């Protein structure tokens with residue numbers, strides 16, 4: 351077999367012109383390239399939709415659809431990018447081949463059509479060109495774009511803030527009755543006592559919680575923090591840590607009722623600040639031996655106008671000038687005497703009004719004071735306490751408060767008329783020694799009473815303050831403090847009360863943040879997604895240009911191209927001649943068998959070439975000692 355053999359048959363062909371841009375083949379290739387470019391536009395639209403809908407709740411359309419699309423985006427983006435990038439490199443190679451291109455650049459364009467080959471080709475060729483960094487950057491966009499499409503959306507709590515009007519009970523509301531013999535007292539005292547007993551009998555964990563049984567917000571005693579070692583923040587604020595081992599000391603067992611439009615309900619977080627006040631007692635204790643009969647004689651012989659007792663083991667006295675104390679501005683002096691275990695405990699207490707500003711945070715209906723600071727009282731407020739105020743004008747009102755307070759801890763049996771008086775301690779006394787369960791404390795059903803002296807002056811002062819403030823709140827808003835305080839609530843504690851005796855309301859504006867997760871755009875990944883998608887779009891557009899501008903046949907990537915002018919391939923020429931696309935040639939010669947083999951098998955030295963089986967002996971059939979030129 352001669353090494354200079356030629357084709358077995360030559361066919362004369364008519365002259366053919368090169369491919370024109372508007373030809374069928376050009377338009378077919380144009381359509382295919384445009385289709386491959388469409389995913390780039392889809393990812394850009396996806397990025398725009400994500401950006402526009404940033405901040406929407408996760409369950410609101412189109413967020414669920416976007417999250418579903420994000421799950422598949424790394425795979426889809428990588429496949430689409432690989433198709434576009436590989437098409438770009440082949441189209442650029444074919445277009446430059448018609449213009450003239452170096453062998454190294456041509457090999458780079460054809461070899462670097464995957465991410466991995468873009469890295470290995472410079473190593474295998476042991477040469478680099480200006481195309482090397484450009485190709486590495488191009489293929490780096492593929493994994494980055496896929497990850498960006500997945501990570502462009504973040505799930506975060508909502509930060510949308512809106513103003514939120516609210517109302518709360520003013521602690522300095524007017525006292526509603528003039529005693530149990532008054533017409534108003536006849537109607538409201540039983541309700542006041544029921545509200546007070548409800549607060550006093552609440553479980554210990556409720557008493558220590560930031561809200562009472564009805565969701566009212568408790569106010570912490572700022573003196574507790576001022577006397578401690580906690581350093582205040584700027585502005586005098588003290589942080590309240592409800593999760594610490596040492597819980598805050600609340601100013602009352604009952605809280606301040608707060609209401610808002612639509613209620614403080616689930617689905618939102620609320621924050622607001624309000625100014626309020628409370629009574630604070632500073633007491634010193636003295637203990638002396640005294641049996642029970644001597645104490646009962648002390649009560650029986652107490653004839654002062656400013657003295658109140660429960661006919662058992664509690665006696666409270668005020669200074670002689672309490673009727674005019676609103677004019678003096680002096681602290682209110684109370685002397686509280688209790689008996690238990692043959693000991694008289696006499697507490698001398700100075701009562702002042704503490705004014706505070708409280709910052710509250712609510713997670714749905716679960717609210718708590720988070721910061722507190724002391725503030726000066728209003729210049730228009732000349733009274734030292736709310737009890738000073740009710741003392742002004744009529745001592746009857748002050749007497750009404752103290753006389754109903756001192757008996758508020760008695761049981762229904764004790765309050766009934768014509769009952770035998772038994773010197774048992776009431777729940778007010780047992781609250782000093784057993785604040786969690788005052789109605790089941792040992793002393794409440796014992797003839798020995800309750801000895802309060804061992805608890806010390808600090809605890810005594812705190813618990814007396816809590817009792818006085820709780821009874822004040824249940825007195826001025828007995829109907830509203832038990833869960834009936836609504837936004838724009840009726841002003842009156844009782845509908846048919848005189849208009850000048852009303853429950854005061856404070857108005858304020860806080861902030862409300864929806865309590866749900868939202869989708870938020872990650873700006874960094876969004877930029878990466880736009881960059882990668884724009885790179886894919888530009889690559890697809892360039893592919894369209896290169897393929898549409900190409901005039902010659904499509905010959906790259908086809909092994910059949912090597913058979914066109916090879917003297918070792920036995921195949922008839924096409925009527926289209928040298929302008930025939932290789933894919934047409936493949937379809938025409940699809941049954942032809944070719945190999946890489948020795949095209950000079952009879953010579954002393956072989957010559958490898960691409961040939962049909964009738965023109966060469968395959969390399970696999972050659973002897974191992976055969977040599978080639």
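Numbering (this note's numbering), first residue to last: 351 to 979.
Backbone N, C-alpha and C define an ideal beta-carbon position, used for all residues, glycine too.
Keep in mind the model is a prediction, meaning the values are calculated, not measured.
Sub-7 Å separation of residue i and residue j beta-carbons
{"i": "residue 660", "j": "residue 792", "result": "no"}
{"i": "residue 397", "j": "residue 897", "result": "no"}
{"i": "residue 438", "j": "residue 884", "result": "no"}
{"i": "residue 570", "j": "residue 584", "result": "no"}
{"i": "residue 414", "j": "residue 868", "result": "no"}
{"i": "residue 746", "j": "residue 775", "result": "no"}
{"i": "residue 805", "j": "residue 715", "result": "no"}
{"i": "residue 624", "j": "residue 518", "result": "yes"}
{"i": "residue 722", "j": "residue 522", "result": "no"}
{"i": "residue 697", "j": "residue 686", "result": "yes"}
{"i": "residue 859", "j": "residue 513", "result": "yes"}
{"i": "residue 633", "j": "residue 825", "result": "no"}
{"i": "residue 886", "j": "residue 431", "result": "yes"}
{"i": "residue 504", "j": "residue 870", "result": "yes"}
{"i": "residue 645", "j": "residue 600", "result": "no"}
{"i": "residue 482", "j": "residue 472", "result": "yes"}
{"i": "residue 830", "j": "residue 607", "result": "yes"}
{"i": "residue 400", "j": "residue 502", "result": "yes"}
Those residues which DSSP pairs with residue i across a bridge
{"i": "residue 503", "result": "871"}
{"i": "residue 629", "result": "703"}
{"i": "residue 878", "result": "Residue 878 is not bridged to any residue."}
{"i": "residue 567", "result": "561, 606"}
{"i": "residue 516", "result": "610, 858"}
{"i": "residue 637", "result": "695"}
{"i": "residue 1025", "result": "Shown here, the chain extends from 351 to 979; a query on residue 1025 therefore has no answer."}
{"i": "residue 462", "result": "DSSP output for residue 462 lists no bridge partner at all."}
{"i": "residue 682", "result": "701"}
{"i": "residue 665", "result": "659, 687"}
{"i": "residue 623", "result": "709"}
Selection from the options that minimises the alpha carbon distance to residue i
{"i": "residue 559", "options": "548, 547, 598, 709", "result": "598"}
{"i": "residue 876", "options": "383, 410, 395, 379", "result": "395"}
{"i": "residue 544", "options": "948, 886, 827", "result": "827"}
{"i": "residue 941", "options": "962, 477, 462", "result": "962"}
{"i": "residue 973", "options": "955, 960, 959", "result": "955"}
{"i": "residue 500", "options": "624, 970, 917, 872", "result": "872"}
{"i": "residue 797", "options": "421, 964, 663", "result": "663"}
{"i": "residue 515", "options": "947, 886, 939, 861", "result": "861"}
{"i": "residue 816", "options": "393, 557, 506", "result": "557"}
{"i": "residue 834", "options": "474, 388, 565, 975", "result": "565"}
{"i": "residue 592", "options": "483, 718, 610, 785", "result": "718"}
{"i": "residue 947", "options": "953, 957, 938, 939", "result": "957"}
{"i": "residue 943", "options": "951, 966, 953, 637", "result": "966"}
{"i": "residue 455", "options": "434, 814, 639, 480", "result": "480"}
{"i": "residue 609", "options": "855, 968, 938", "result": "855"}
{"i": "residue 752", "options": "819, 788, 783, 712", "result": "819"}
{"i": "residue 882", "options": "393, 579, 853", "result": "393"}
{"i": "residue 711", "options": "567, 777, 586, 658", "result": "567"}
{"i": "residue 555", "options": "832, 786, 814", "result": "786"}
{"i": "residue 490", "options": "879, 422, 401, 502", "result": "879"}
{"i": "residue 953", "options": "750, 939, 977", "result": "977"}
Residues of its chain near residue i, where Cβ-Cβ distance is below 7 Å and the 5 sequence neighbours each way are ignored
{"i": "residue 681", "result": "700, 701, 702, 734"}
{"i": "residue 845", "result": "Any reading at residue 845 needs caution, since the residue's pLDDT is 42, under 50, leaving its predicted position unreliable; the model's value is listed next. Nothing listed; no residue qualifies."}
{"i": "residue 636", "result": "696"}
{"i": "residue 386", "result": "433, 434, 437, 890"}
Close Cβ partners of residue i (< 6 Å) along its chain, the five nearest in sequence each way excluded
{"i": "residue 743", "result": "Below a pLDDT of 50, predicted positions are generally treated as unreliable, and residue 743, at 47, falls in that range; no measurement from the model is reported."}
{"i": "residue 485", "result": "462, 468"}
{"i": "residue 959", "result": "918, 949"}
{"i": "residue 530", "result": "539"}
{"i": "residue 428", "result": "492, 496"}
{"i": "residue 709", "result": "623, 720, 721"}
{"i": "residue 383", "result": "893, 894, 897"}
Cβ-based neighbour list, residue i, same chain, cut-off 8 Å, excluding 5 preceding and 5 following
{"i": "residue 552", "result": "562, 563, 603"}
{"i": "residue 850", "result": "Per-residue confidence for residue 850 stands at a pLDDT of 38, beneath the threshold of 50, marking its modelled position as unreliable; no derived number is given."}
{"i": "residue 380", "result": "894, 897, 898"}
{"i": "residue 638", "result": "693, 694, 696"}
Distance cut-off 6 Å: residue i Cβ against heavy atoms of the ligand ZN
{"i": "residue 799", "result": "This structure simply doesn't include the ligand ZN, nor any ligand for that matter."}
For the stretch 700 to 708 against the stretch 629 to 642, are there 3 or more C-beta pairs whose distance is under 8 Å?
yes
On the three-pair Cβ rule with 8 Å, is the stretch 611 to 619 touching the stretch 858 to 872?
yes
If we count Cβ pairs, one from each stretch, closer than 8 Å, do we get three or more for the stretch 565 to 582 versus the stretch 795 to 806?
no
Any contact of the stretch 534 to 541 with the stretch 687 to 697, i.e. 3+ C-beta pairs under 8 Å?
no
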